[in-house]
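Residue numbers (the working numbering): 264 to 1124.
Here a beta-carbon is modelled for each residue, glycine too, at the ideal position from N, C-alpha and C.
These numbers come from a predicted model, not from an experiment.
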């Protein structure tokens, strides 16, 4: 499905969520970050009766396959309160945009690569929303939204999706936080704070007798917050080399002495990198409102690391808003415009403020103030242009920063007040005269104050000519900023309401999930074939659900029979989420005999297992796995196989089990052959066709997954007299699997005695007392392996290798024996199995075999 078809399909599905007269005109794929998860969302622009709104849907599947995959999460009417704000987060991997309106706000993300369909969708969606915003009715009627708001409100009461935050939050706390955030428009007010920002490049000069009051306390009203930035505090090679980061106490003292006398202030935090320092000061009574803060430094000088250029920043939370102050000193010289852009981009990318395990980029703040020596100059012209008040506006049009911002190369969405002051650089220190040195630097507005965010009003933007010790003049800007603040009375009312609703939802409900089907049918299944079935679990309750498949016999036991595999075995689902569970069934040589006991008789499906799906703090769900097993010669004992007068294909499971159960009670038939016909057929083929085959037997069993094994299975099950259906390597693997599939080891019940038989005589005595079928198969196999060794020049095998391979198969131990005999490690047990079989491969056993099993001698004829 191409992008166009996908969009048409999704648009059609989305339209099904709405009533007649309500039309979906545009959609956009996006996602939200909830906790540590990325959750798909679909945004739809819907119009009705001349009014428009954006609906945010949580998508349980992407691409949605039906309207039931979409659940209304939030509605944003496009009215006077509506805003769609885009912003680069600070990394190249994702972009964010914020939607806000009467009923709430949220941040969404999309991938910015132009090759991504979602990028094109967002660009078109943003355009469609902008056009919708141009439609203004005298009295817009959004009553049509009430129908969906009621649905959404019910969903919000019980929707427990864990809100953004650290993993230490409990489910209850997450519920509160999520619900309160959604309803913050009911209790948030915007309180005005006066913010004073100031920047000065001091050119490495010491403060000495300088008084900063002329710069920091020239307003009638005392500011609430000061952000004072310095550049070039220390130009010494030592400070640059060692990236000096200790705040300068002398300059900080000068700042504190120069603050407005109409209030009592305290230093909140200062951060420094070489010559750059940022001092944040707050009114003493306001300190309690600063909930937390963080600092960061970014060096972009030599090697893109040294701190002679770059930026320092402070992030703080004031009431409910995050405010960011950045002090930067960008690359110098008129021609270094591109390098200044690189510095700007690097600061945005690398300045990440740490709050515990969470990082916050510059753009992830409500209010941003970027100040400092940005070093942008006047575009060079022929000769020096005279600077006077009359030509400021003309000169500003040649300002590099103005041009860069117009081209959207730097400081996207930032604002700057009207400049009404003389260029702040470059002066002869101690004077108000332009640079008279040999370099004759042209004047420029290097020192700037920019801002970004909502509810920010600039009151003043000026320079201070009276401070003359540097070649720069200090600059300051004063802002009135509307900061998100709780109305405590309204907040208390909302908080109590949310508390009641959460309590009700916790008391009336417990976590539970819906299982698509509790009987999983596999139908007819066969040996050595893989079958899969998928079923869906969904969370349609009020709480986030954690589930796990649990063992039936208590904690620590296996969750399913060995022929089954469940993926995944556990998971978490938030409300509205679903997950596909896969059950894989595979009956191999280790489990076939168990399946015979489970099936008992042919002709119908039986429960092959019961899975216990446990929900934390909820009830268990039992899922029955049904199937019918078609028996094969694999999985039966050699005692059973030698008693068969017909091939397995002609017998049903009930008949086969009756034969197997009669072994200990019934008399032996004179027609019983010495070894099972299936083993004879494989050995006979290998003797005639495989003795010279390279790597006939390998320790890694590399042919164990070969599809040809199932053809050999069918050939053995019908005693096919015709041409063999495999090759020597797969025949060899089939022989190993057949020997391995017996319910008990070939040397049972003498497995442990075999491990302690240290001479060949003792080994022979053990074999002699095995049951006749087991003894026959054991000696028949060993005699065949000696024939294989006679052709080792061709088949590249040796006695040691064969002893390892067949020792694991013929002398394997029962699990209960391994648990009861702790004196030997598993490695020691395997070594002793190998040694036992090795004796039968390197010693002459012809006479022994002739006496015990005459048919084996037919191999050598």
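Contact check, residue i vs residue j, beta carbons under 9 Å
i, j, result
"residue 878", "residue 461", "no"
"residue 886", "residue 874", "yes"
"residue 404", "residue 310", "no"
"residue 536", "residue 574", "yes"
"residue 997", "residue 952", "no"
"residue 411", "residue 317", "no"
"residue 710", "residue 687", "yes"
"residue 890", "residue 918", "no"
"residue 1004", "residue 855", "yes"
"residue 580", "residue 544", "no"
"residue 901", "residue 939", "yes"
"residue 291", "residue 448", "no"
"residue 795", "residue 847", "yes"
"residue 836", "residue 810", "yes"
"residue 277", "residue 327", "yes"
"residue 439", "residue 744", "no"
"residue 724", "residue 680", "yes"
"residue 216", "residue 850", "Lying outside 264 to 1124, the shown extent of the chain, residue 216 is not represented and no answer is given."
"residue 490", "residue 541", "yes"
Simplified DSSP assignment, three categories, for residue i
i, result
"residue 1101", "helix"
"residue 572", "coil"
"residue 959", "coil"
"residue 272", "helix"
"residue 807", "coil"
"residue 588", "strand"
"residue 331", "helix"
"residue 832", "coil"
"residue 395", "helix"
"residue 1112", "helix"
"residue 1128", "As shown, the chain starts at 264 and ends at 1124. That puts residue 1128 outside it, with no answer to give."
"residue 890", "strand"
"residue 877", "strand"
"residue 838", "coil"
"residue 725", "strand"
"residue 442", "helix"
"residue 296", "strand"
"residue 787", "strand"
"residue 825", "coil"
Nonlocal neighbours in the same chain, by C-beta distance under 6 Å from residue i, ignoring five residues either side
i, result
"residue 1022", "none"
"residue 336", "319, 321"
"residue 668", "674"
"residue 530", "544"
"residue 279", "330"
"residue 349", "360"
"residue 946", "1047"
"residue 420", "Any answer about residue 420 is weak, because its pLDDT of 39 lies below 50 and its placement is not dependable; what the coordinates show is given next. Only 764 meet the Cβ criterion."
"residue 587", "578, 625, 628, 631"
"residue 1073", "1009"
"residue 633", "589, 713"
"residue 363", "346"
7 Å Cβ shell around residue i - same chain, five flanking residues per side excluded
i, result
"residue 470", "513, 514, 517"
"residue 282", "none"
"residue 1020", "1026, 1029, 1099"
"residue 332", "322, 323, 324"
"residue 704", "689, 698"
"residue 728", "695, 736"
"residue 271", "none"
"residue 1062", "1052, 1101, 1104, 1105"
beta-carbon residue i near the ligand FAD non-hydrogen atom, thresh 8 Å
i, result
"residue 793", "Summarising the ligand content, the structure contains no ligands, and the ligand FAD is consequently not present."
Quiz item: Mind pulling the beta strand (DSSP E) runs of 3 or more residues that sit fully within the segment 1043-1078?
Solution: none
Looking at C-beta atoms only, is the number of pairs between the segment 548-562 and the segment 608-618 that lie closer than 8 Å three or more? Taking one beta carbon from each stretch, the segment 548-562 and the segment 608-618 have 3 or more pairs nearer than 8 Å; the two touch.
- Item | Any 3 or more C-beta pairs closer than 8 Å across the segment 1091-1111 and the segment 1061-1080 | yes
- What are the uninterrupted segments assigned as alpha helix (DSSP H) that are 4 or more residues long and contained completely in the segment 482-552, given in chain order? 500-504, 512-520
When you compare the segment 772-784 with the segment 717-732, are there three or more beta-carbon pairs, one atom per stretch, that lie closer than 8 Å? By the criterion of at least three beta-carbon pairs nearer than 8 Å, the segment 772-784 is not in contact with the segment 717-732.
Could you check whether the segment 778-797 touches the segment 755-767, counting it as contact only if at least three pairs of C-beta atoms, one from each stretch, sit closer than 8 Å?
no
Curious, which full-length beta strand (DSSP E) runs of at least 3 residues does the segment 607-651 contain? 615-618, 621-624, 630-636
query = Can you give, in chain order, each stretch of the alpha helix (DSSP H) that sits fully within the segment 727-779 and has at least 4 residues?
reply = 751-771
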